[in-house]
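Quick note on numbering: my numbering labels position 36 of the sequence shown as 1270, and the sequence is numbered without any gaps.
A short write-up of the structure that comes next.
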Amino acid sequence: VDTDSINLLSNSGFELGNLSEWDTIGSGAEGVAVGVARSGGFAWLNSSSTDLIVNPGFELGNKTGWIENGGQTSSIVSDPVHTGDYAWLTDQITVTWAGPTIELDQIMVDGQTYTVAVQARLKEGVAATDVNLRVNKKYEGEENESTIIETASVTDAEWVELAGNYTLSLDPGKTLENLFFLVNANESTDKSFYIDDAVVRNQEAVSGNASLSRNLINVMLPGKSYSLSAWINLGKSPGGEVTMSVVKKYV
């Protein structure tokens, strides 16, 4: 047997469905995920850099996690798309505030700041217009409070990113009724548009340096060379530096 070609780590691909034999450091470093693995069914998920939205790029091929807000006809389309295989089309708008919506009350935490973003593009033949990315908050018995995250001029020729930050601040003396993410064409009912690759990411979690480690004392032998490797998938997270290192410490 050629031992040089054998992987010396047990549960190296998280096939056990857990972090057995591994140690984690930092927030968001505690779990494994299904459906994102390169092989074996599982992968380590650093949730500190994870998009908190379910189905952010409509890659489930349906509207799971999303709601039609206001009068509109919406559909999941395969062209055009920003990335992946699908995007959302809002069409036949009957009210100016209509658009795709995500409920945020189970996602956002009071006092924390979030990056909120989406890619937008107008339907073919639609004249350029402003598209808004908003977070709407409503307390029981009060009017809706709408915060525009960003407004950008959008055309039918290319995708445009709308992005910004939102800090959730709740009044402890009031009852929150609705909190949601909304994209809409600016004061218009004739501006059909697409969206793709939505993002809601906790900035405070992202600032942490979550890491995964493995004790190699009983794996490596003095004087012998070893090859170390790992597969990394950043998903829709912003680019950044990922480091693999071996740390040695004497008693």
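Ideal placement from N, C-alpha and C gives every residue a C-beta, glycine not left out.
{"Asked": "What is the C-beta distance between Glu1337 and Phe1414, in whole angstroms, given that I count them as a contact (C-beta under 8 Å)?", "Found": "5 Å"}
{"Asked": "Classify Gln1326 as helix, strand or coil using the three-state DSSP reduction.", "Found": "coil"}
{"Asked": "Can you give me the start and stop residues for the beta strand (DSSP E) that Leu1286 sits inside?", "Found": "Careful: Leu1286 lies outside any beta strand (DSSP E) and carries neither H nor E."}
{"Asked": "Taking contact to mean 3 or more Cβ pairs, one atom from each stretch, closer than 8 Å, check whether the stretch 1296-1305 and the stretch 1371-1383 are in contact.", "Found": "no"}
{"Asked": "Is it buried or exposed for Ser1254, if we count other Cβ within 10 angstroms and need 16 for buried?", "Found": "exposed"}
{"Asked": "Pick helix, strand or coil for Gln1340, following the three-state DSSP scheme.", "Found": "coil"}
{"Asked": "CB Gly1304 to CB Ile1327, shorter than 9 Å?", "Found": "yes"}
{"Asked": "What does the alpha-carbon distance come out to for the pair Lys1371 and Glu1249?", "Found": "42 Å"}
{"Asked": "Whose C-alpha, out of Val1485, Val1350, Asp1313 and Arg1448, is nearest the C-alpha of Leu1242?", "Found": "Arg1448"}
{"Asked": "Grab the span of the beta strand (DSSP E) containing Ala1354 for me, first residue to last.", "Found": "Thr1347 to Leu1356"}
{"Asked": "Just the Cα atoms here: how many angstroms apart are Val1343 and Thr1335?", "Found": "18 Å"}
{"Asked": "Tell me the rounded alpha-carbon separation between Thr1363 and Glu1392.", "Found": "13 Å"}
{"Asked": "Kindly identify the DSSP beta-bridge partner or partners of Phe1427.", "Found": "Thr1324 and Leu1356"}
{"Asked": "DSSP puts Glu1395 in a beta bridge; with which residues?", "Found": "Gln1353"}
{"Asked": "Identify every residue that forms a DSSP beta bridge with Ile1301.", "Found": "Thr1335"}
{"Asked": "How close, in whole Å, do the beta carbons of Tyr1320 and Val1434 come, if the pair is a contact with beta carbons under 8 Å?", "Found": "The Cβ separation is near 19 Å, so there is no contact."}
{"Asked": "In terms of residue numbering, what span does the beta strand (DSSP E) encompassing Ile1310 cover?", "Found": "Thr1307 to Val1311"}
{"Asked": "With a threshold of 7 Å on Cβ separation, who are the neighbours of Val1360 within its own chain once the five nearest residues in sequence on each side are excluded?", "Found": "Asp1390, Lys1425 and Ser1426"}
{"Asked": "Assuming Arg1355 and Pro1406 are in contact, meaning their beta carbons sit under 8 Å apart, how far apart are those beta carbons, in whole angstroms?", "Found": "Actually they are not in contact, since the Cβ atoms of Arg1355 and Pro1406 sit about 40 Å apart, beyond 8 Å."}
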